[in-house]
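Shown next, in C-alpha cells, is the structure this report addresses.
In the working numbering, the protein residues as written are 8 to 433.
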C-alpha cells in the first residue's frame, strides 16, 4: 500500500513539473489526487500530507472528541436517530423517540446549557432492549461501542464505594489511580455512560450524581473537574416491571409464564397454548371499546410510586423516565427474524452458504420465547441452544471433507422439531 502511494505521489510531482511548462492535464491530476485520497482512507491513518485535517483526525481518534466531518455526521445521525435504533431495538419505538427528541433539543443548544446531553432512566422488564439502546446510541452518536462505558451498579451497594467511582482522596489507598466513572469520562468526554441496575446502588452513591445531572460536572479524587456535558447517561432498572407488564397485557389474555395451582385449570394441553399464542383477535376493553397500549406518559405515572421508593424526588426529577414495554408476539418474531438474518450473513461471509428459513421455524421460535419472561434474551438462548450446535457440527464435518454445500434450509418436521438440511445449488 505504501509503495502504491509513493508511486501515485511520484506521478503527481511529474505532473506538477509539467505544469510549469503549461503541459499539465488538470483532469488527470484530479484523478490522481482522488486515488491518493482513497488510499489514505484505506490505510488507517497513513497520510501522504500532514495537514490540519489529518492532525484533527488523529487527535479525534485518540480523545473521542468529534471534529469536522465527524460533527456533521453526528448531527445527521441525530436527525434519523429513532429510525436507525428502532431497526435494532424492537418494540420500543415510543421510548426511543422520546430519547431522540431530548438529544436533538440538547444538540441544538436550546435546552439547559449545563447538564449532560441527556439523562435517561429506562425502566422495565429484563430483555426488552434497555442495554441494547445504550449500545446503539454509542454507535450512532460517537462512532462505536468503544465510546460506551458500562458500570454495574450492583457492585456499589456500600457507601464507601463512592471512592471507586470518583477516585480516592489524598492520603487514602488508591489515590492517583482515578475513579471508574471519572477516569472513563476524562479519557472519553464524548461518550455514553450506562449505569446498569441503578436501583441496587447505595443511596450515598446515587446522591453523588446530583451535581452531574444538575451541573454536568464532578470533581474527582484528585480535585480535577470532570466535564460530563457531552455525555449521554443511561440508567437501567427493573423497577415497575410488574406494573408495566399488567398495563400492556390485553384484557382476557392468559399469562402463560405464571404457574397455577391446577395445571389443567386454564390450559389443558399444548394445542390450547398455541391457540392462545397465535390468536389475532383484536382485544377489547370491558365496555367493548378497542384496547390500546397506554401512552408513555401514562406508563411513567403508573410506575412513579415504585421509583420513588428507591430514588429521592429531587434526584428522580433530574432524570427523564422512559418506560420500556414487555415484548409482544410481533416484536419477538421481528427479533427472531433479525437474529436469523445475522446468522445468514455470517454463513454467507464465512462459507458462501445461503440460509433459507421456513415460516414455521419463525412461528415455533416465537412461541417458545413467549413462554418465558426473559424477553429477547430468550431468543438468543433458544437459537444458540437448539439451532446453532447442530449446524456447527455439520459445517465442521463438511469442512473436514472440503465439500461445503451451497444451501442450508431450516424447517419444522412432523415431530415438531427444527431440522437443518444442507444441499447444493440445483
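Note that the Cβ used here is the ideal one computed from N, Cα and C, for glycine as well.
Which residues in the same chain as residue i place their Cβ atom closer than 6 angstroms to its Cβ, once the five residues preceding and following it in sequence are excluded?
| i | result |
| --- | --- |
| residue 416 | 363, 428 |
| residue 202 | 158, 160, 242 |
| residue 441 | In the structure as shown, the chain starts at 8 and stops at 433, and residue 441 therefore has no counterpart that could be examined. |
| residue 414 | 361, 430 |
| residue 423 | none |
| residue 411 | 358, 405 |
| residue 7 | With the chain represented from 8 up to 433, any question about residue 7 goes unanswered, as that position is not in the structure. |
| residue 332 | 255 |
| residue 200 | 156, 238, 240 |
| residue 193 | 233 |
| residue 317 | 206 |
| residue 188 | 172 |
| residue 100 | 93 |
| residue 4 | Residue 4 lies beyond the range of the chain shown here (8 to 433); nothing can be said about it. |
| residue 347 | 364 |
| residue 432 | 413 |
| residue 313 | 246, 247 |
Could you tell me which residues DSSP puts in a beta bridge with residue i?
| i | result |
| --- | --- |
| residue 232 | 226 |
| residue 363 | 416 |
| residue 127 | 241, 327 |
| residue 429 | 415 |
| residue 157 | 201 |
Below 8 angstroms on the Cβ atoms is my guess for residue i versus residue j; work out the distance and round it to an integer in Å.
| i | j | result |
| --- | --- | --- |
| residue 113 | residue 124 | 4 angstroms |
| residue 130 | residue 223 | Not a contact, Cβ separation roughly 23 angstroms. |
| residue 205 | residue 168 | 14 angstroms between Cβ atoms; not a contact. |
| residue 122 | residue 220 | 6 angstroms |
| residue 334 | residue 382 | 5 angstroms |
| residue 446 | residue 174 | Since the first residue shown for the chain is 8 and the last is 433, residue 446 is missing from the structure and cannot be characterised. |
| residue 198 | residue 145 | 7 angstroms |
| residue 306 | residue 251 | 6 angstroms |
| residue 329 | residue 127 | 5 angstroms |
Can you find the residues in the same chain that come closer than 7 angstroms, C-beta to C-beta, to residue i, ignoring five residues on each side of it along the sequence?
| i | result |
| --- | --- |
| residue 373 | 336, 339, 340, 343 |
| residue 425 | 368, 371, 393, 394, 417, 419 |
| residue 147 | 84, 88, 91, 92 |
| residue 176 | 182, 228 |
| residue 304 | none |
| residue 164 | 207, 208, 209 |
| residue 6 | The requested residue 6 is not part of the displayed model; the chain covers only 8 to 433. |
| residue 375 | 389 |
| residue 232 | 224, 226 |
| residue 109 | 125, 327 |
| residue 166 | 209, 211 |
| residue 400 | none |
| residue 402 | 358 |
| residue 119 | none |
Once you ignore the five residues that flank residue i on each side, which residues in its own chain have a CB closer than 8 angstroms to its CB?
| i | result |
| --- | --- |
| residue 96 | 103, 136, 139, 140, 143 |
| residue 365 | 416, 417, 418, 419 |
| residue 407 | none |
| residue 301 | 254, 255, 309 |
| residue 245 | 130, 131, 132, 133, 204, 206 |
| residue 385 | 134, 375, 376, 379 |
| residue 82 | 114 |
| residue 152 | 142, 145, 146 |
| residue 387 | 346 |
*Taking 8 angstroms as the threshold, find out whether the segment 316–328 comes into contact with the segment 210–218 through three or more Cβ pairs.*
Because the criterion of three Cβ pairs below 8 angstroms is met, the segment 316–328 and the segment 210–218 touch.
_Those runs of the alpha helix (DSSP H) which lie wholly inside the segment 162–188 and span at least 4 residues_ = The qualifying runs are 169–173.
_Entirely enclosed alpha helix (DSSP H) segments - the segment 378–406, minimum 4 residues_ = Look at the segment 378–406 and you find these whole runs of alpha helix (DSSP H), each 4 residues long or longer: 383–389.
*Pick out the complete beta strand (DSSP E) segments inside the segment 301–350, 3 residues or longer, and give them in chain order.*
Whole beta strand (DSSP E) segments, 3+ residues: 327–330.
_Continuous beta strand (DSSP E) assignments of at least 3 residues falling wholly in the segment 99–144_ = Whole beta strand (DSSP E) segments, 3+ residues: 125–130.
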